[in-house]
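These notes concern the structure reproduced below.
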Amino acid sequence: MSNSKNKTALVIGANGGIGREVTNALLCRGWHVRALVRKQAKSTDRAPHHQIDWCIGDAMSSDDVLNAARGTDVIVHAVNPPGYRNWEKLALPMLDNTIRAAIVNKSRIVLPGTVYNFSPNVLDGLTEDSPQQPHTRKGIIRAKMEKRIYDATLQGARALILRAGDYFGASAGNNWFSQCLVKPGRSISAITYPGPKNIGHQWAYLPDVAETMVRLLDHDDTIDNFARFHMEGHWDHDGMQMINAIRECLAPQEVALRRLPWGFINLLRPFSSFCREVSEVRYLWQTESRMENSPLISVLGTEPHTDLNDAVLATLTGLGCITPKQKSQTDPMSQIQPA
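Numbering follows our numbering, with no gaps: position 29 of the sequence shown is 27.
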């Protein structure tokens, strides 16, 4: 197992959901962390400013990335086009800058992977070696990203790709949980769910994803130069487990269940880029997509896994959907009186 005490990681996109969580996890395990961001984030108890070497710059600038990456052991590529728009123009150039810096420094690139890379016929029972034959625009781009990273490992870089289900968490922004199921900053009277009944769905709690990445980096000297792993995360076998967890957090309040109006969204596709993006990945709610994690377990022994109700409660609280009073009523530990 490698020693992280004298290692440096650059997190590109440290203000985003996964970037912020990976930064926190790295700091907790003794890494020196640099953060390449356009604007320095506010200090938090979990990640005080003085613990992070802030580099103000742009992931689209090769010079900015090269300067920030100088002497790093790991480059976490946690940046996405703003609002997930303009993927065709931004995603690959940003990654190319990361790759260039990783080759120069012989660093390991860490990429949060997606299931967009795969066609519907291989989604149930995905493995690390499942063929990547995407049929959507975003999927084609993601597959190209992973191919470019693989090519970089033939030129001196190394790579770790961790694939997981749909993200949720207090710091997660662009995801189904916080953009569909609930609305940040609003009390919850109804849950809008994109999938039908009895279709399983895989979720991943963001702090668990970050912790898994960092634990894998502890094994940097034993995992492959081009290492790919899948997380199991939270498997919602009937599409009701996540809904029930949200309801449990809000009990005794009654919470209605609504289905996402896909027909209306399809009508708006010609006029709305958001509706076009959403419609393109509807198949992920119509087909069960499940990854198994045995290669991950063979390295780590166990997968970091927060109880679903605890993870949902922390997420709703962080998103401002639940009040401290509601949390105290829901959290059984808050009912224990000190002796």
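Don't be surprised by glycine CBs; every beta carbon is placed ideally from N, CA and C. Just so it is clear, the structure is predicted and the values come from calculations on it, not from any experiment.
Thinking C-beta only, is residue j closer than 8 Å to residue i?
i	j	result
L25	A66	no
I16	I73	no
T96	T6	no
Y191	L179	yes
T134	E278	yes
D206	G171	no
L64	A99	yes
E144	N119	no
R274	R267	yes
C319	S187	no
W29	Q38	no
G316	S128	no
If we count the other Cβ atoms within 10 Å of its Cβ and call it buried at 16 or more, is residue i buried or exposed?
i	result
G183	exposed
L282	buried
N321	Strictly speaking, residue 321 in this sequence is Thr, with Asn absent from that position. Per the 10 Å Cβ criterion, exposed.
F175	buried
F269	exposed
N13	buried
R32	buried
L215	buried
R161	buried
L265	exposed
D43	The pLDDT assigned to D43 is 48, lower than 50, so where the model puts this residue is not dependable; a value taken from the coordinates is nonetheless given after this. Answer is exposed; the Cβ neighbour count stays below 16.
T151	buried
I244	buried
R236	Note that residue 236 is Asp in the sequence shown, not Arg. Per the 10 Å Cβ criterion, exposed.
P259	exposed
L8	buried
D62	buried
E86	exposed
I54	exposed
H48	exposed
N291	buried
R18	buried
P336	At P336 the pLDDT is 43, less than 50, meaning the model places this residue with poor confidence; the figure from the coordinates comes in the next sentence. When all chains shown are included, P336 counts as exposed.
Q333	Any reading at Q333 must be qualified, since the residue scores a pLDDT of 45, below 50, and its modelled position is unreliable; no value is offered.
Using only CA atoms, which one of the options lies nearest to residue i?
i	options	result
R213	L158, Q38, R98, T151	L158
K181	N119, L314, S105	L314
H75	P268, A57, E230	A57
M229	T190, I189, G154, E126	E126
L109	S59, L124, H133, K142	K142
P302	A202, I16, R27, I10	A202
Y148	L121, D122, A225	A225
T304	D94, T220, G167, G11	G167
M238	D216, I189, L248	I189
L90	P118, S60, N119, V102	S60
N22	K3, I50, A150	I50
L248	D62, L311, G28	L311
A293	G316, G318, F227	Ala is not the amino acid found at residue 293; the sequence shown has Pro there. Checking every option, the nearest Cα to that of P293 belongs to F227.
I295	M211, G318, S271	M211
G193	V102, D234, V120, T220	D234
G163	I221, L121, E246	L121
D218	S271, L298, E19, C53	L298
L93	L204, S271, N78	N78
R27	T300, E209, V276	E209
M240	S117, L204, L306	L306
V102	R68, R36, N84	R68
Q131	G123, S117, L124	S117
E246	Q177, L204, A309	A309
Could you tell me whether the segment 244 to 254 touches the segment 134 to 152, where touching means 3 or more Cβ pairs closer than 8 Å? Flag = no, the segment 244 to 254 and the segment 134 to 152 do not touch.
For the 8 Å Cβ check, are there 3 or more pairs between the segment 196 to 204 and the segment 285 to 302? The segment 196 to 204 is in contact with the segment 285 to 302.
Ignoring anything shorter than 3 residues, give me the beta strand (DSSP E) runs that lie fully in the segment 247 to 283, in order along the chain. If only uninterrupted beta strand (DSSP E) runs of at least 3 residues are considered, those enclosed by the segment 247 to 283 are 254 to 257.
Taking only runs that begin and end inside the segment 74 to 121, name each unbroken beta strand (DSSP E) of 3 or more residues, in chain order. Unbroken beta strand (DSSP E) stretches of 3 residues or longer found wholly inside the segment 74 to 121: 106 to 111, given in chain order.
Please go through the segment 120 to 171 and give each complete beta strand (DSSP E) segment of 3 or more residues, from N-terminal end onward. Restricted to the segment 120 to 171, the beta strand (DSSP E) segments that are unbroken, complete and at least 3 residues in length are 122 to 124, 156 to 161, 164 to 166, listed in chain order.
Hey, is the segment 100 to 109 in contact with the segment 152 to 169, meaning 3+ C-beta pairs nearer than 8 Å? The segment 100 to 109 is in contact with the segment 152 to 169.
Enumerated in chain order, which unbroken segments of the alpha helix (DSSP H) with a length of 4 residues or greater are wholly contained in the segment -1 to 43? DSSP runs (the alpha helix (DSSP H)) wholly in the segment -1 to 43: 15 to 26.
Threshold first: 4 residues or longer. Then list the alpha helix (DSSP H) segments lying entirely within the segment 195 to 237, N to C. Complete alpha helix (DSSP H) runs here, min 4: 204 to 215.
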